[in-house]
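Peer 1: Pasting a structure here, questions to come.
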Amino acid sequence: MNVMSFDAALPVIFMALMGVSMLIYVISDGYDLGVGMLMHRATDAEKDVMVASIGPFWDANETWLVLGVGILLVAFPKAHGLVLGELYLPVTLMLVGLTLRGVAFDFRVKAKDTHKQTWDRLFFAGSTLAAVSQGWMLGRYVSGFGSGWNYPLFAGAIAMALPMAYVMMGAAWLVMKTEGELQRRAVSWARIAWAPMVGGMVLISMATPWVSATVRERWFSLPEIIALMAIPLMTGVSLFAVRAVLKTRHVLGPLCWLPFVLLILVFVLGFLGLAYSIYPYVVLDQLTLWQAASSPAALKVILFGTCISVPAIAAYTVFSYRVFRGKTGELKYA
Amino acid sequence: MDALILARMQFAANITFHILFPTISIGLGWILLFFRWRWLSLRHGDAAAAQGWLDAYRFWTKVFALSFALGVVSGITMSFQFGTNWPGFMERVGDIAGPLLGYEVLTAFFLEAGFLGIMLFGHGKVSEKVHLMSTFFVAFGTSLSAFWILALNSWMQTPAGHEIVDGTFRVKSWFDVIFNPSFPYRFSHMLLASALTCAFLLVGLSAWQVLRNVAQRSAPRVMRVGLTLAAVLIPLQIFVGDLHGLNTLQHQPAKIAAMEGVWDTERGAPLLLFAVPDADKRMNHFEIKVPKLASLILTHEADGEIKGLNSFGDAHPPPLPLFFAFRIMVGMGLLMLATSWLGWWLLRRTRWQPAALPRALLWLFAGMTFSGWVATVAGWYVTEIGRQPFIVYGLIRTADVVSKVPSAMIGLTLVLYLLLYAALIAAYVSVLKYMAEKPEEVLQMDAAEQAATPAGAMTSPVVPGAST
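Protein sequence lines correspond, in order, to chains A and B.
First residue of the first sequence: 1, per my numbering; consecutive thereafter.
First residue of the second sequence: 335, per my numbering; consecutive thereafter.
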């Protein structure tokens, strides 16, 4: 294999950075959007606990989306225009959803009691709208914005499946961060969400090679397929482990963190599979990394800042999660 | 309507909505740090005063959280709209705009968002020192954010430090790009605008509290801080604004001509107090003018020359919106000057007891709660519409980088955004009013939230007084 020059490797580095930002975004905002989508199933007192459990984190979680889109914008300007042009309407709907969700967070506790219900509904609606739009966008992106009857169907399926995965994450987060009746209910929510989530994942794994020839060739050729089988196998094992853990009573005690961690593993594996399917394209079959990238000079300037700030960001994110570790208490109004 | 004007309107709607909230959070971060410091320094001495500062800190932290959340969500929208509305912009100037925006996210945005959680929910869960540092990082992050964004915006107004190779912009000197000719003026003008917006917000909401006879411990202190800040900073802002105007005259004379409604190049140009510039007939209607004053203000000479719009061909901004936006900004500034000086002097005579102030004055303060927003938005309209028809002044026209999305789609989403933003501004203002009227509930809510958030690492004993 030829050794890539540093300039040629720069777009690859940025693609990795963008991918990792998006992955962190999907995991971290995934659980808080999931919690939002579970709101309507909870009692008023439980709603307060649920919101308190994500309160200190959501701002920082959304920042990863800004970083991911920011890298797309600054490192791959041609792809940014193309992708966001294609996804104009779902992007708008997602932004409306995220806006409603984000402000409902703050308004619900500060508004008059009579308005609180409205904000709770908007919290639920905003979370759902954002998750569904993201699913649709992911579906369109993975299939390279193809046209034909099967493409919208494919995007529609992912638009249903991704919110389910978020709900699962949200439920697992609540299992980890709450206790008592709410924790028990979160376990049952997770068990309900398991089947549709897994069904969605299986469907997508089968449909992606069907809609895209590039992906098909990538995955179903020897000898790669043997090594690649590790990804679906490990995903399957993790998912069944999640179900098994949810059935034990330890999930209410010392193993409360396990479903959440296993689900993170599922997301990471899914991300690796996706990355393998798409590389070296930024937009499947249309635009490669190198075609879309900014000049090496600009990328180096950004890389310099990234090398300094990303470790710092990681450090204070860890610090924040440490400060707010442990179970969420009940909101008691004196 | 064509896609260009719709895309501009949509971007303007979003950026107008967005700037309202950073304008508050940039200044308020530092003010919170001040409240925090006053409480820390008094808590072992004057208990009543310390409690007043703590109440103020906790109440205004809630205002900060709300403003910050609105800033974050509208900021996310912006990061998408660069690409959806102006795809050609990043393709042409990505080498310059990319790193500046990237540094904003990497250095500032994460810093703010990361420490905000600890600042809002961590009091009593981390040591006083760590909490104070978190408050500092949030305040510093918001200002750093402004630094990068203003650097890029100023570069678009007065580009420098670059070279153009085959139509694409390359950086020659980052120092010249960042510290371009208009940056120091625009940056300080904006920071002062933010501080003044916060000052009048403090004064206005606490006047409302005094009128409603609530928050007796904190409102007088907050009002004194707000009025003092306003009285000190407004003359400084007028001075900086004048310097900024002179800088604009040097680098963007067409903008000045539009602001002043000057069509033909003339010496000893009059200052128009009122007029209705007509871009079709290329003349002004209903002029009311003071002879030679515009030349005197802008060139500091009675017979100084001011270039007219007609000398720029079609490469000048539309004069009507600039003319009025500029007068709204200046008028608001003068009103702020009069109100803050009069108010400060009268409040001092009452020995800082606002309850003793004439009620008419308290009503005036309350009426000016959001005066900073009006002035800031008017000012931004002057500078941004004043850059037209260019997106990078003199080098790239806005029309050349606009998106090819069908105009019906842009129109539809524009309506969606406008409805959403109108509803959110109404909700924000009414929630602030409600919070101001029920400060006790806000403080109770705050205590309950603090108690509910997972305790985690307890690095110091819980602060006495912080949980009451």
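Even glycine gets a Cβ: it sits at the ideal position worked out from N, Cα and C.
All values derive from a computational prediction rather than experimental measurement.
#1: On the DSSP bridge assignment, give the partners of M617 of chain B in chain order.
#2: Below 8 Å on the Cβ atoms is my contact criterion, and I expect L255 of chain A with V245 of chain A to pass it. Report the Cβ-Cβ distance as a whole number of Å.
#3: K772 of chain B by DSSP, collapsed to three states: which one?
#4: Quick check for students: name the residue ranges of the beta strand (DSSP E) that lie wholly in the region 239 to 287 of chain A, counting only runs of 3 or more.
#5: Given this structure, state the Cα-to-Cα distance separating W219 of chain A from F444 of chain B, to the nearest angstrom.
#6: Mapping the DSSP letters down to three states, classify H650 of chain B as helix, strand or coil.
#7: Between R216 of chain A and W210 of chain A, what straight-line distance do the alpha-carbon atoms span, to the nearest angstrom?
#8: Under the three-state reduction of DSSP, which class applies to F444 of chain B: helix, strand or coil?
#9: Measure the Cβ-Cβ separation of V726 of chain B and L656 of chain B and say whether it is below 8 Å.
#10: Between which residues of its own chain and Q415 of chain B is the CB-CB distance below 8 Å, once the five residues before and five after are set aside?
#11: Which class does H634 of chain B belong to by DSSP, given the choice of helix, strand or coil?
#12: Taking 8 Å as the threshold, find out whether the region 134 to 150 of chain A comes into contact with the region 3 to 11 of chain A through three or more Cβ pairs.
#13: Leaving aside the five residues before and after L404 of chain B along the sequence, list all residues of the same chain whose C-beta is less than 6 Å from its C-beta, in chain order.
#14: Quick test of your reading: K327 of chain A and E179 of chain A, contact by CB under 8 Å. State the CB separation rounded to the nearest angstrom.
#15: Let me see if you follow: with CB-CB separation under 8 Å, is A399 of chain B close to chain A or not?
#16: Could you check the C-alpha separation between L632 of chain B and V776 of chain B for me, to the nearest Å?
#17: Taking the alpha carbon of K301 of chain B as the point to measure from, which residue in B:G579, B:P604, B:P652 and B:E639 has its own alpha carbon closest?
#18: Can you check DSSP and say which residues form a bridge with V739 of chain B?
#19: Rounded to whole angstroms, what's the CA-CA distance from V198 of chain A to T306 of chain A? Just pull it up for me.
#20: Measure the Cβ-Cβ separation of M160 of chain A and A193 of chain A and say whether it is below 8 Å.
#21: Do T128 of chain A and the ligand NAD come close, with the Cβ less than 7 Å from some heavy atom?
#22: Nearest to H634 of chain B by CA position, among B:A659, B:G642, B:M617 and B:A603, is which residue?
#23: Quick one: grab the DSSP three-state call for H457 of chain B.
#24: Report all residues from its chain with a CB closer than 6 Å to the CB of P798 of chain B; omit the five preceding and five following residues, and keep chain order.
#25: For the putative contact between L98 of chain A and A125 of chain A, defined by C-beta atoms under 8 Å, what is the C-beta separation to the nearest angstrom?
#26: Going by the beta-carbon positions, is the gap between V624 of chain B and L643 of chain B smaller than 8 Å?
#27: Is the number of C-beta pairs between the region 362 to 376 of chain B and the region 473 to 491 of chain B that are closer than 8 Å three or more?
#28: Going by the DSSP bridge assignment, what does R601 of chain B pair with across the sheet?
#29: What would DSSP say about H378 of chain B, mapped onto helix, strand or coil?
#30: Just to confirm, are R551 of chain B and Q385 of chain B a CB contact at a threshold of 8 Å?
#31: Going by C-alpha to C-alpha distance, which of B:G647, B:P421, B:K396 and B:A381 sits closest to P807 of chain B?
#32: Who pairs with V26 of chain A in a beta bridge, going by DSSP?
#33: In chain B, what lies closer than 7 Å to E181 of chain A by C-beta?
Peer 2: Here's the rundown:
#1: In the second sequence, the residue the question calls residue 617 of chain B occupies position 283. DSSP, once it has assigned bridges, lists B:D612 as partnering M617 of chain B.
#2: For this step, residue 255 of chain A is matched to residue 255 along the first sequence. For this step, residue 245 of chain A is matched to residue 245 along the first sequence. About 6 Å separates the two Cβ atoms, so the contact holds.
#3: Within the second sequence, numbered from 1, the residue matching residue 772 of chain B stands at position 438. Here K772 of chain B sits in coil by DSSP.
#4: Restricting attention to beta strand (DSSP E) runs no shorter than 3 residues, the region 239 to 287 of chain A encloses them at 281 to 283, ordered along the chain.
#5: In the first sequence, counting from the first residue as 1, residue 219 of chain A sits at position 219. In the second sequence, counting from the first residue as 1, residue 444 of chain B sits at position 110. The alpha-carbon atoms of W219 of chain A and F444 of chain B are separated by roughly 37 Å.
#6: Counting from one through the second sequence, the residue named residue 650 of chain B turns up at place 316. Coil at H650 of chain B, not helix or strand.
#7: Here residue 216 of chain A corresponds to residue number 216 of the first sequence, with the count starting at 1. Here residue 210 of chain A corresponds to residue number 210 of the first sequence, with the count starting at 1. Between the C-alpha atoms of R216 of chain A and W210 of chain A there is a straight-line separation of about 7 Å.
#8: To locate residue 444 of chain B, count along the second sequence from 1; it is residue 110. F444 of chain B falls in the helix class under three-state DSSP.
#9: Counting from 1 along the second sequence, the entry for residue 726 of chain B is found at position 392. Counting from 1 along the second sequence, the entry for residue 656 of chain B is found at position 322. The criterion of a C-beta distance shorter than 8 Å is not satisfied by V726 of chain B and L656 of chain B.
#10: To locate residue 415 of chain B, count along the second sequence from 1; it is residue 81. The beta carbon of Q415 of chain B lies closer than 8 Å to those of Q344, F345 and N348 in the same chain, with the five residues before and after it left out.
#11: As a working mapping, residue 634 of chain B is identified with position 300 in the second sequence. The answer is coil: DSSP assigns H634 of chain B none of H, G, I, E or B.
#12: Contact fails: fewer than three Cβ-Cβ distances are below 8 Å.
#13: Taking the second sequence and counting its residues from 1, the one referred to as residue 404 of chain B is at position 70. Excluding positions up to five away in sequence, the list reads F355.
#14: Taking the first residue of the first sequence as 1, we reach residue 327 of chain A at position 327. Taking the first residue of the first sequence as 1, we reach residue 179 of chain A at position 179. Confirmed, about 5 Å.
#15: Locating residue 399 of chain B in the second sequence gives position 65, where the first residue counts as 1. Taking 8 Å as the CB threshold, A399 of chain B lines the interface with chain A.
#16: In the second sequence, the residue the question calls residue 632 of chain B occupies position 298. In the second sequence, the residue the question calls residue 776 of chain B occupies position 442. Distance from the CA of L632 of chain B to the CA of V776 of chain B, rounded to the nearest whole angstrom, comes to 48 Å.
#17: Given a span of 335 to 802 for chain B in the structure shown, any question on residue 301 of chain B remains unanswerable.
#18: Stepping through the second sequence from its first residue, residue 739 of chain B is reached at position 405. None, per the DSSP bridge assignment.
#19: Indexing the first sequence from 1 puts residue 198 of chain A at position 198. Indexing the first sequence from 1 puts residue 306 of chain A at position 306. If you draw a straight line from the Cα of V198 of chain A to the Cα of T306 of chain A, it is about 36 Å long.
#20: Here residue 160 of chain A is taken as the residue at index 160 of the first sequence, counted from 1. Here residue 193 of chain A is taken as the residue at index 193 of the first sequence, counted from 1. No, the pair does not count as a contact, with Cβ atoms beyond the cut-off.
#21: Ligands in the displayed structure: none, and consequently the ligand NAD is not present.
#22: As a first step, residue 634 of chain B must be located in the second sequence, where it is residue number 300. Its Cα nearest to that of H634 of chain B, the residue B:A603 stands out among B:A659, B:G642, B:M617 and B:A603.
#23: The count along the second sequence starts at 1 and reaches residue 457 of chain B at position 123. Strand.
#24: As a first step, residue 798 of chain B must be located in the second sequence, where it is residue number 464. Residue placement at P798 of chain B cannot be trusted, given a pLDDT of 36 that sits under 50; the coordinates are not used to answer.
#25: Start at 1 with the first residue of the first sequence, and residue 98 of chain A comes out as number 98. Start at 1 with the first residue of the first sequence, and residue 125 of chain A comes out as number 125. In this structure, L98 of chain A and A125 of chain A do not form a Cβ contact; the two beta carbons are roughly 12 Å apart against a cut-off of 8 Å.
#26: The count along the second sequence starts at 1 and reaches residue 624 of chain B at position 290. The count along the second sequence starts at 1 and reaches residue 643 of chain B at position 309. Contact check for V624 of chain B against L643 of chain B fails: the beta carbons are separated by 8 Å or more.
#27: Here the region 362 to 376 of chain B lies against the region 473 to 491 of chain B, with 3 or more beta-carbon pairs under 8 Å apart.
#28: Taking the first residue of the second sequence as 1, we reach residue 601 of chain B at position 267. R601 of chain B is bridged by DSSP to B:E639.
#29: For the purposes of this step, residue 378 of chain B is taken as the residue at position 44 of the second sequence. Assignment of H378 of chain B by DSSP, reduced to helix, strand and coil, places it in the coil class.
#30: As a first step, residue 551 of chain B must be located in the second sequence, where it is residue number 217. As a first step, residue 385 of chain B must be located in the second sequence, where it is residue number 51. Pairing R551 of chain B with Q385 of chain B gives a Cβ-Cβ distance under 8 Å.
#31: Residue 807 of chain B is absent from the model: chain B starts at 335 and stops at 802.
#32: As a first step, residue 26 of chain A is located in the first sequence; it is residue number 26 there, counting from the start. Listed as beta-bridge partners of V26 of chain A by DSSP are no residues whatsoever.
#33: Within the first sequence, residue 181 of chain A is the residue found at index 181, counting from 1. Result: empty, since nearest Cβ-Cβ is about 15 Å, beyond 7 Å.
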